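The end of the sequence shown is residue 521 by the numbering used here, with every number in the run present.
Don't be surprised by glycine CBs; every beta carbon is placed ideally from N, CA and C.
Quantities reported herein were computed from a predicted structural model and do not represent experimental measurements.
Everything on this sheet refers to the single structure shown next.
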Amino acid sequence: MNSLDWTVLIAYFGVMVAIGVWSHRRVGDVGDYFTAGGRMPWWLSGISHHMSGYSAVMFTGYAGISYQYGVTSYVTWALPIAVGVAIGAKTFAPRLNRVRARLHVASPLEYLRTRYNLTTQQALAWSGVLLKIVDVGAKWAAIATLLSVFTGVTLTQGIVITGAITAVYCTVGGLWADALTELGQFVIQLVAGLAMLVAALGKIGGISGIWNVWDEPALRHHGHPTAGPYTTVFLISYLFIKTFEYNGGMWNQAQRYMATGSAKEATRGAALSSALWFVWPVVLFFPMWVSPLLVHAKKPDGSDSYALLTEQLLPHGLLGLVVVGFFSHTMAMCSSDANAIAAVVTRDIAPAFSRQARQWTARVGLIAARVTTLAFLGLSMAVATQVNSPTFKDIITVVIKWVAGLMGPIAIPFMLGLLPRFRRSGPTAALTSWALGLFAFYLVNYPINDAVSGGVNLEYQIALPLAVSLVLYVAVGWIRPEDTPERDAVIAAINSEEEAPAAVAVAHAAG
């Protein structure tokens with residue numbers, strides 16, 4: 011990077027901070043901070059939902075998958091997300107919006123106390139917070155890895171730089187700042203992604219290279235939809251996992267649905283996000299698919315291939331813009347995660363342990379939310395320095411195996427608890443599916459994996475915990491039904507499209 015690239019990068023950071031300061035004026039209480047007061051336009055919600063699903067892991071870990079296997083990176087990652095969000099547009103988005111509007115909550119997990127009980131709410135909250143610290147830590151490490159390629163700064167320095175900038179705008183402006191910066195980041199990504207696509211096409215013979223390039227020996231197997239450890243079973247498993255995760259199972263996407271003015275607008279925002287997931291990743295991935303023709307990756311997993319590709323293909327200025335794109339992805343996801351975790355800690359965990367927290371004024375609650383956001387970012391940055399340690403092995407292992415494998419047991423009671431079909435599943439079903447799903451993850455990834463020659467295949471490592479949790483949640487609910495009038499009232503409030511009955515149901519639940 012030269013002075014022009016640094017100018018672009020510094021200007022971007024300045025704009026992010028300015029958006030945070032502007033958004034500060036729109037935040038008067040925790041409802042504004044965590045759910046934008048239910049005033050977010052559907053199109054902004056959709057773009058924000060889409061952007062909060064990316065990070066620099068796409069340009070490191072998934073770039074490595076593209077370098078080694080080709081189009082399977084899209085088929086087994088972006089495509090399942092697109093399909094899953096399309097399913098959730100009608101199934102989960104409107105219900106999560108009603109959770110805010112009908113039950114008057116600011117955290118996605120607040121409704122769980124009435125839907126199940128306090129123990130279930132705390133189990134899901136604590137385990138989800140711990141998982142997200144590791145997940146976001148992997149994303150800081152990913153962007154720091156890219157930054158080191160371009161600038162030569164150390165991993166720790168890169169983590170501190172990106173984390174500090176993110177902390178400023180997301181702590182000051184809350185969800186409004188997250189969404190508005192994600193809109194700006196989407197525009198930057200649009201320009202940078204198209205610039206990279208044009209540069210790559212110029213090297214492979216223009217538009218005709220899109221269909222002619224697959225005959226090259228280096229790309230002979232890059233057109234297979236599934237390859238290597240990313241098999242058909244992995245694809246099906248990932249579809250189930252991403253349907254839960256990207257419709258709110260990991261909470262930050264749930265906030266985008268909750269932030270719109272109505273259930274109908276939440277559905278429209280989800281539909282926009284799904285459409286973007288179908289189309290836009292193809293543009294971003296294509297240069298990665300043909301990268302073996304253009305660069306030679308230095309790392310065995312090819313995770314540095316996109317950074318090398320960027321250095322080789324783009325002139326200064328555009329190089330800085332693509333680096334900004336790396337930052338925008340990671341900062342979008344990490345800031346949205348930080349906001350969601352702060353909501354869960356201040357609205358769900360703290361009140362369960364402190365009588366004082368249950369009596370916070372609007373001002374004190376807002377201060378607590380901002381302090382919690384900073385604390386979460388600090389912890390995740392500390393974890394980021396350990397991502398490449400033997401415990402975690404590498405970035406893509408954390409993101410795919412740990413996050414995908416552990417997400418199911420946490421998300422299933424939260425997401426399926428919204429649906430009337432599962433009204434019989436109460437606290438026993440929720441806690442059993444959660445605990446044994448986590449235990450299944452431990453077994454298949456450690457004792458069983460160590461005992462099996464060659465280890466357990468990746469698809470089973472991520473699929474088994476989800477399958478165990480899903481089966482137990484349904485089975486225990488039928489064997490030991492725990493539907494009560496109070497729990498039925500919560501489900502009715504979330505599912506009713508009639509305003510009056512919903513209001514009655516909420517009043518009954520509160521009573």
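Judged by pairs of C-beta atoms under 8 Å, the stretch 327–336 does not touch the stretch 346–363, as fewer than three such pairs exist. With 16 or more other Cβ atoms inside 10 Å of its own Cβ, G56 counts as buried. Contact annotation, R380 with T181: C-beta distance approximately 5 Å; criterion of less than 8 Å satisfied. Between the C-alpha atoms of D498 and T172 there is a straight-line separation of about 45 Å. A distance of 8 Å or more separates the beta carbons of S58 and G183. Assigned with DSSP and collapsed to three states, T101 falls in helix. When DSSP reads this structure, A237 sits in a beta bridge with Y240. When secondary structure is reduced to three states using DSSP, M341 falls in the helix class. Taken in chain order, the complete alpha helix (DSSP H) segments of 4 or more residues contained in the stretch 428–472 are 437–455 and 457–461.
Taking the CA atoms as reference points, G147 sits about 6 Å from M391. Segment contact: the stretch 431–438 against the stretch 475–494, three or more CB-CB distances shorter than 8 Å; contact assigned. At a Cβ-Cβ threshold of 8 Å, A280 and A502 do not count as neighbours.
An exposed status is given to V197, since fewer than 16 other beta-carbon atoms sit within 10 Å of its beta-carbon. Here DSSP, grouped into helix, strand and coil, assigns M26 to helix. In this structure, V300 sits away from I420, with a CB-CB distance that is not shorter than 8 Å. V354 is positioned such that its CB atom lies no closer than 8 Å to that of L200.
Between S284 and V95 the beta-carbon gap is near 4 Å, inside 8 Å, which marks them as a contact. A contact is defined here as three or more CB-CB pairs under 8 Å, and the stretch 315–324 meets this definition with respect to the stretch 201–211.
Under the rule that a run must span 4 or more residues, the alpha helix (DSSP H) segments found entirely inside the stretch 325–379 read 328–354, 360–363 and 365–368. Taking each of T236, M298 and V144 in turn and checking the Cα distance to M68, the smallest one comes out for M298.
DSSP places M50 in the strand class (E or B) of the three-state scheme. Counting C-beta atoms within 10 angstroms of its own C-beta, Y456 has fewer than 16 neighbours from the protein chains shown and is therefore classed as exposed. Taking 3 residues as the shortest admissible run, the stretch 213–275 contains no complete beta strand (DSSP E) segment at all.
Between the C-alpha atoms of L190 and V25 there is a straight-line separation of about 11 Å. Shown here, G80 sits in coil according to DSSP, grouped into three states, outside any helix or strand.
Using a Cβ distance threshold of 8 Å, I169 and A394 count as a contacting pair. DSSP, read as helix, strand or coil, puts Q132 in helix. With a contact defined as Cβ atoms closer than 8 Å, I143 and G418 miss out at about 18 Å. Here Y256 is buried. Its C-beta has 16 or more other C-beta atoms within 10 Å. In this structure, the alpha-carbon of V18 lies about 8 Å from that of V334.
Contact between W370 and A378 holds: CB atoms are separated by about 6 Å, below the 8 Å threshold. For A307, no alpha helix (DSSP H) run applies, since DSSP gives it neither H nor E.
Sequence-distant partners of I504 (beyond 5 residues in either direction) whose C-beta falls short of 7 Å from its own C-beta, in its chain, are R105, R108, V109, R112 and L428. Under the DSSP assignment, L416 falls in the alpha helix (DSSP H) whose first and last residues are A414 to L426. Taking 8 Å as the cut-off, the Cβ atoms of T130 and P437 count as close. S479 and L446 have their C-alpha atoms spaced approximately 7 Å apart.
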